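J.: First, the structure itself, so that you have it in front of you.
2 protein chains.
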Amino acid sequence: MTFVCIKSMHKINLSKFQVATNGTVRDINSRIMLNLVRRHQPVSRADLMRFSGLQRSTVSVIAGRLIADRWLKEGAVGNLPRGRRPTFLHLNPERCGVIGVDVQPARTTLAVSNMDSQFSALESMPTAKDPSEFIVRLSHRITDLIRAHPKKSYEGVGISLPGRIEVGSERLIFAPTLGWNELDLKTPIERETGLPVKLENAANACALAELWSGQHIDGVNNLVAVTVSDDISVGMIMNGQLVRGSTGVAGEFGHVSQVLDGPRCRCGNSGCWEMLASNAAAVRYYAESASVPKGAIGSKSDMATVPFGDILRLVEQGDPRACKALNQMAHYLGTGIAMLVTGLAPDILIVVGEVTRVWDKVGPIVAEAVKRRSFTHAVTRIVPAGSEAQSRLRGTVAMVLQKHFSAPSIA
Amino acid sequence: MTFVCIKSMHKINLSKFQVATNGTVRDINSRIMLNLVRRHQPVSRADLMRFSGLQRSTVSVIAGRLIADRWLKEGAVGNLPRGRRPTFLHLNPERCGVIGVDVQPARTTLAVSNMDSQFSALESMPTAKDPSEFIVRLSHRITDLIRAHPKKSYEGVGISLPGRIEVGSERLIFAPTLGWNELDLKTPIERETGLPVKLENAANACALAELWSGQHIDGVNNLVAVTVSDDISVGMIMNGQLVRGSTGVAGEFGHVSQVLDGPRCRCGNSGCWEMLASNAAAVRYYAESASVPKGAIGSKSDMATVPFGDILRLVEQGDPRACKALNQMAHYLGTGIAMLVTGLAPDILIVVGEVTRVWDKVGPIVAEAVKRRSFTHAVTRIVPAGSEAQSRLRGTVAMVLQKHFSAPSIA
DNA sequence: CCGGTTTGTTCGAGCTCCGAACTTTATGCT
DNA sequence: AGCATAAAGTTCGGAGCTCGAACAAACCGG
Chain X
1062 MTFVCIKSMH KINLSKFQVA TNGTVRDINS RIMLNLVRRH QPVSRADLMR
1112 FSGLQRSTVS VIAGRLIADR WLKEGAVGNL PRGRRPTFLH LNPERCGVIG
1162 VDVQPARTTL AVSNMDSQFS ALESMPTAKD PSEFIVRLSH RITDLIRAHP
1212 KKSYEGVGIS LPGRIEVGSE RLIFAPTLGW NELDLKTPIE RETGLPVKLE
1262 NAANACALAE LWSGQHIDGV NNLVAVTVSD DISVGMIMNG QLVRGSTGVA
1312 GEFGHVSQVL DGPRCRCGNS GCWEMLASNA AAVRYYAESA SVPKGAIGSK
1362 SDMATVPFGD ILRLVEQGDP RACKALNQMA HYLGTGIAML VTGLAPDILI
1412 VVGEVTRVWD KVGPIVAEAV KRRSFTHAVT RIVPAGSEAQ SRLRGTVAMV
1462 LQKHFSAPSI A
Chain E
1062 MTFVCIKSMH KINLSKFQVA TNGTVRDINS RIMLNLVRRH QPVSRADLMR
1112 FSGLQRSTVS VIAGRLIADR WLKEGAVGNL PRGRRPTFLH LNPERCGVIG
1162 VDVQPARTTL AVSNMDSQFS ALESMPTAKD PSEFIVRLSH RITDLIRAHP
1212 KKSYEGVGIS LPGRIEVGSE RLIFAPTLGW NELDLKTPIE RETGLPVKLE
1262 NAANACALAE LWSGQHIDGV NNLVAVTVSD DISVGMIMNG QLVRGSTGVA
1312 GEFGHVSQVL DGPRCRCGNS GCWEMLASNA AAVRYYAESA SVPKGAIGSK
1362 SDMATVPFGD ILRLVEQGDP RACKALNQMA HYLGTGIAML VTGLAPDILI
1412 VVGEVTRVWD KVGPIVAEAV KRRSFTHAVT RIVPAGSEAQ SRLRGTVAMV
1462 LQKHFSAPSI A
């Protein structure tokens, strides 16, 4: 009982735990090796010995087994000023393929990926309104994709969607923007495709994407992803792992009131963050600024709603009304992000969504709000995600592959 | 690489990790055994075999070593309808003592505890305003306590205080209610007492207390503690472990705006939750309701401030003005708790503080606000903590002992 | 060609859990 | 009293893992 704990320790869950065996040791060290190769490749066995602290002999045995299992490949030999030349090891990207699926209200994007999140195919289809129709069409598309891109093996299908998935049952609990309720997507798609299916909320997927294949992170264990579209959702990674809450519904900060008596939200609450800072909010601000003098609320129906994409285009052209609407949205985006920075103090907060296209305008307003409202603002870097679709798709790959690279949750 | 992951998995931190050895296996299984005994005691080796899934032989060996290390003790023999009678095992509460310290702005409470959070002594002293004076006095009190209560060994000192501790350096970053800034408490107290010192924010301590010795929790892995005094602080346990954020400052939801343009807070923000829902807020509400008609803000100085304890007493006596102030506080307590329920979706949210004395009045208002404002309200039970001081002190014991009972954060 | 140097492999020691066989200690029936 | 049955706890060989030292391989420069 003199183990050196590295960082935070967690209580052993006596409802479901697993004892350790000799195989556990090998398993843990294999994962460490795999991660070291991922991080430092190309890398020699001797380097791995130095990085890991394991004996040279142990490294050789583990590397041998990982090569036999096709996780690693031997590559070129290196050159050194003196001594025997090392044979470099690197990940074998062909080890397994992954099908990534990004479900959005309008369209669903599918991707074929290798282990290194390099997409070898990318296509999209309209998202069917009816869930069962969607399941059938998606399954067909997936099987077609697999046929068109034959690989040694497919590891699974990762699906990101704007809704929440219950942790135990892995059923969709709700997805308001899709109009779907309580629904089992996993079982039928697994049956149709013959592959294991992982489902995850889009914000969680983005958070995982940043954790596993982001550029900002080396030793980042606390990370928040905020997805901004017609709703706002938050994915949290704390202590290096996804926070799902007890039922999988954690992260609905979009439905926290920013203005207690603000506009009524469909969730039942008033002044929800997503009522004030989502794309839909900007659309509303723009419409409201049309002609109606302040105070008037009714007659929404006869106002022409300009899609958010158009507003962004107008902003880029310098349209003052559009800019005003965007500023208003940015202001509330800032107050909400200040809430997350103050409350969660992550190393990084990533904003995902179309709004990042005009981040040069939005970013400073957000930064200002956070600086003014969060006395802990210094700890968190707020960055826009490069491409939202890519972000979610990389997340789906991480969802499927993470079990091979993450530390087993021991005990 | 066919390990069965139990629940959430975490990324391996390549900056600081530790490879597994054979000893790791024994370590993990020892901890599991220790926890099983803690949970089920008194319990026989055969029961432990069934609970853990380990072989009878392995259980015997581990139990033998834990007994040799004085963690466990053999007790009475049981009775069974048939067969050899089992010898029961139980934790040895005398294995190690812990000094728990609860620092509050007015007074500091010290306790001597066994492994089972049973306090064998409890005393308090005024909290010195000057940090270095405080350190000297506290160290003396601790050494006196140890002398007065000799034990086989003391495991360490756990200190809970209303401030934030930086994760790496373990220095106090700030403690506004104490008036202390940037300060190293750990090193001098360790030097004076000769014992390892653990520091933790009071809300985090309460969260740990509930995790390790609470009554509500069996398989609860997501838990939030809200401490309400003159400030409001939040301790979070997600996936069975404390969330400290990147610098240790996570949980400052007390400084999230509930009302964006509300009263100015000393943190620089406006309408902070703790400006609206803390004890100090209730005191302000009470004072403001005295005579001043609505709208008037000035002339605070000549209003007599009634301490929060007196307001609670007035509420218990049915005083309408006090009730109104309390209701107002409760209302905002509810909106803030709704934020936590919506955003974090914990299994349990524990409210700690004097306000729980009148929870029959406050609880329903909070519940109503949460029900109205959080569409995920069903997942979280909101409960008042029994005794605030006890809660924090139990937390300090958990802080010191948890390293022996928690799962080592592997890899 | 040989010493120096680095990489990678081999092999026995020590630790762990597993699993079967065994001992111990109880009950109940004959 | 004697024996079958049953459950608790122990013993001991086997297999898996890492460690650590010794060894083989490969390369450089003098």
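Chains as they are written, first to last, in our numbering: chain X, 1062 to 1472; chain E, 1062 to 1472.
Backbone N, C-alpha and C fix where the C-beta goes; we use that ideal spot for every residue, glycine too.
All of these numbers come straight from a predicted model, not from anything done at the bench.
Would you please verify whether the beta carbon of residue 1316 (chain X) is less than 8 Å from any beta carbon of chain E?
T.: yes
J.: Measuring only the C-alpha atoms, how far is residue 1082 (chain E) from residue 1471 (chain X)?
T.: 14 Å
J.: Could you tell me if residue 1254 (chain X) is buried or exposed, where buried requires 16 or more neighbouring beta carbons within 10 angstroms of its beta carbon?
T.: Counting other Cβ atoms within 10 Å of its Cβ, residue 1254 (chain X) reaches 16 or more and is therefore classed as buried.
J.: Using a Cβ-Cβ cut-off of less than 8 Å, list which residues of the stretch 1089 to 1103 of chain X approach chain E; keep chain order.
T.: For the stretch 1089 to 1103 of chain X, which is checked against every Cβ of chain E, the residues closer than 8 Å are 1089, 1090, 1091, 1092, 1093, 1096, 1097, 1100.
J.: Which residue wins for smallest C-alpha separation from residue 1172 (chain E), given the options E:1454, E:1406, E:1144?
T.: Selected option, being the one with the closest Cα: E:1454.
J.: Enumerate in chain order the residues of its own chain whose CB-to-CB distance from residue 1187 (chain E) is below 8 Å, with the five nearest sequence positions on each side excluded.
T.: 1167, 1168, 1169
J.: Counting pairs of beta carbons, one from the stretch 1395 to 1410 of chain X and one from the stretch 1434 to 1442 of chain X, are three or more of them closer than 8 Å?
T.: Put simply, the stretch 1395 to 1410 of chain X touches the stretch 1434 to 1442 of chain X. At least three CB pairs are less than 8 Å apart.
J.: Using a Cβ-Cβ cut-off of 8 Å, state whether residue 1324 (chain X) counts as contacting chain E.
T.: So, not an interface residue.
J.: Taking 8 Å as the CB-CB limit, is residue 1109 (chain X) close to chain E?
T.: no
J.: What residues in the stretch 1294 to 1311 of chain X have a beta carbon less than 9 Å from any beta carbon of chain E?
T.: 1295, 1297, 1298, 1299, 1300, 1301, 1302, 1303, 1304, 1305, 1306, 1307, 1308, 1309, 1310, 1311
J.: Anyone know if the C-beta pair for residue 1432 (chain E) and residue 1387 (chain E) falls short of 8 Å?
T.: no
J.: Hey, which unbroken runs of the beta strand (DSSP E) at 3 residues or more fall wholly within the stretch 1291 to 1335 of chain E?
T.: 1293 to 1299
J.: Where does the unbroken beta strand (DSSP E) through residue 1121 (chain X) begin, and where does it stop?
T.: Per DSSP, residue 1121 (chain X) belongs to no beta strand (DSSP E); it is in the alpha helix (DSSP H), 1117 to 1129.
J.: Could you check what DSSP says for residue 1277 (chain E) in three-state terms: helix, strand or coil?
T.: coil
J.: If residue 1223 (chain X) and residue 1239 (chain X) are in contact, beta carbons under 8 Å, what's the gap, nearest whole angstrom?
T.: The C-beta separation of residue 1223 (chain X) from residue 1239 (chain X) comes to about 6 Å, placing the pair in contact by the 8 Å criterion.
J.: Residues in the same chain with beta-carbon distance under 8 Å from residue 1466 (chain X), minus the five sequence neighbours each way, listed in chain order, please.
T.: 1092, 1095, 1096, 1099, 1273
J.: According to DSSP, simplified to helix, strand and coil, what is residue 1110 (chain E)?
T.: helix
J.: Quick one: which chain X residues come within Cβ less than 8 Å of residue 1273 (chain E)?
T.: 1072
J.: What residue does the alpha helix (DSSP H) around residue 1255 (chain X) start on, and which one ends it?
T.: Run containing residue 1255 (chain X): none; DSSP gives neither H nor E here.
J.: Buried or exposed: which applies to residue 1137 (chain X), given that a residue is buried once 16 or more other Cβ atoms fall within 10 Å of its Cβ?
T.: exposed
J.: Return the CA-CA distance between residue 1362 (chain E) and residue 1349 (chain E), expressed in angstroms with no decimal places.
T.: Note that residue 1362 (chain E) scores a pLDDT of 46, beneath 50, so its modelled location is shaky; the value from the coordinates is reported in the next line. Going by the C-alpha atoms only, they are around 11 Å apart.
J.: Helix, strand or coil for residue 1164 (chain E) per DSSP?
T.: strand
J.: What are the uninterrupted segments assigned as alpha helix (DSSP H) that are 4 or more residues long and contained completely in the stretch 1149 to 1214 of chain X, given in chain order?
T.: Taking 4 residues as the minimum length, the alpha helix (DSSP H) runs contained wholly in the stretch 1149 to 1214 of chain X are 1192 to 1209, in order along the chain.
J.: Ignore the nearest five residues each way along the sequence and tell me which others in residue 1461 (chain E)'s own chain have a CB closer than 6 Å to its CB.
T.: 1159, 1216, 1217, 1219, 1259
J.: For residue 1414 (chain E), count neighbouring Cβ atoms within 10 angstroms of its own Cβ and tell me buried if that reaches 16, exposed if not.
T.: buried
J.: Pull the bridge partners of residue 1242 (chain E) from the DSSP assignment, please.
T.: E:1235
J.: Return the first residue and the last residue of the beta strand (DSSP E) that residue 1134 (chain E) is part of.
T.: 1133 to 1138
J.: Going by alpha carbons, who is nearest to residue 1312 (chain E) out of E:1108, E:1277, E:1264?
T.: E:1264
J.: Check whether the Cβ of residue 1463 (chain E) lies closer than 8 Å to any Cβ atom in chain X.
T.: yes
J.: Identify every run of the alpha helix (DSSP H) within the stretch 1406 to 1439 of chain X, keeping only runs that are complete inside it and at least 4 residues long; order them along the chain.
T.: 1420 to 1434
J.: If you measure between the beta carbons of residue 1214 (chain X) and residue 1150 (chain X), is that distance less than 8 Å?
T.: no
J.: Do residue 1297 (chain E) and residue 1281 (chain E) count as a contact pair if the criterion is CB distance below 8 Å?
T.: Cβ distance not < 8 Å, so residue 1281 (chain E) and residue 1297 (chain E) don't count as in contact.
J.: Taking the alpha-carbon of residue 1446 (chain X) as reference, which of X:1156, X:1268, X:1322, X:1114 has the nearest alpha-carbon?
T.: X:1268
J.: Under the three-state reduction of DSSP, which class applies to residue 1445 (chain E): helix, strand or coil?
T.: DSSP, reduced to helix, strand and coil, places residue 1445 (chain E) within a strand of the structure shown.
J.: In the DSSP assignment, find the unbroken beta strand (DSSP E) run with residue 1284 (chain E) in it and report its ends.
T.: 1284 to 1289
J.: Decide yes or no for the touch test of the stretch 1371 to 1389 of chain E against the stretch 1333 to 1348 of chain E: beta carbon pairs closer than 8 Å, at least 3 of them.
T.: Cβ pair count under 8 Å is three or more, so yes.
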